[in-house]
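Inspection log for the structure reproduced underneath, given as structure tokens.
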Amino acid sequence: MADGDQKTRSGATGGANTTLKPTDQDSPYYLHPSDDPGRILVTTLLNGDNYHTWRRAMQNALYAKNKIGFVDGTLEKSETTSPQYKAWMKCNSMVLSWILNTITKELQDSVAYAEAAKEIWNELLERFTQGNASRVHELKLELATLTQQTRSVSAYFTKLKPIWDELQAHEPVLVCTCGCTCGAAK
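The UniProt record's numbering numbers the first residue of the sequence shown as 1 and each following residue consecutively.
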């Protein structure tokens, strides 16, 4: 790799501080000419009842745009003296706009004054994952009472799959971190 080609994220975990160029298409600071604040990245409008579906769709869109670091904390705000500060602010504002474009007016009003996309992301996460116990109970009850009836196997599976997926999204996967050899971490 040539000296000018080396890139790491300032403020990101384990990296040196070299400049990420907004003109480099692999840079999280790169904005394509078609990117604009009015763009709607996902068609799922967050209304409160569909948080997990919305979040997954937004994560996919932000990964595709190479902007996930602005919401997951891996790309921290640059210092005001950094040459990357303006690029960070510009991209953060773009991601803020994209998020606001995909949530209801009521939710927009409650998070409109956040200065960083990560703030809104975390606020929505905290807000919509608090009451998971009752939703998990509803989903388990729905699974327990759902019957095939006159549906084809394909139609029955199509009805079951989103319930399973949402239930899985609500229940964290437990991972063994003790270093044992029992295989629980697999």
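Glycine included, C-beta positions come from ideal geometry on N, C-alpha and C.
Considering only DSSP beta bridges, list what residue i is partnered with.
i: I99; result: According to DSSP, I99 bridges with nothing at all.
i: L46; result: I103
Could you check whether residue j and residue i sit closer than 7 Å to each other, using their CB atoms as the reference points?
i: W54; j: L46; result: yes
i: Y29; j: A116; result: no
i: V111; j: E123; result: yes
i: H142; j: H52; result: Residue identity differs from the one stated: residue 142 is Glu in this sequence, not His. Cβ distance not < 7 Å, so E142 and H52 don't count as in contact.
i: L100; j: Q108; result: yes
i: Y85; j: S93; result: no
Take residue i as the anchor and find which of the options has the nearest alpha-carbon.
i: Q57; options: S82, I103, D36 and W88; result: Before going further, note that residue 57 is Ala rather than Gln in the sequence given. The candidate whose alpha carbon is nearest that of A57 is I103.
i: S27; options: F70, A155, T129 and K140; result: F70
i: W98; options: L160, P83 and K118; result: K118
i: Q149; options: L160, L62 and K140; result: L160
i: N60; options: L75, T44, G48 and D49; result: T44
i: E106; options: A64, K65, G48 and E76; result: G48
i: A169; options: K140, A64, L75 and Y113; result: K140
i: K65; options: E76, N50, L75 and Q25; result: Q25
i: C91; options: S154, D36 and W121; result: D36
i: L146; options: Q130, I163, N132 and A114; result: I163
i: S82; options: T158, F157 and K21; result: K21
Considering just the uninterrupted stretch of the alpha helix (DSSP H) at residue i, what are its terminal residues?
i: I20; result: Strictly speaking, residue 20 in this sequence is Leu, with Ile absent from that position. Neither: L20 is in no alpha helix (DSSP H) and is coded neither H nor E.
i: I120; result: A117 to T129
i: S134; result: N132 to T145
i: R39; result: Neither: R39 is in no alpha helix (DSSP H) and is coded neither H nor E.
i: A64; result: Y51 to A64
i: G69; result: G69 to D72
Just checking, does the segment 70–80 make contact with the segment 136–144 on the three C-beta pairs under 8 Å criterion?
No: fewer than three Cβ pairs fall under 8 Å.
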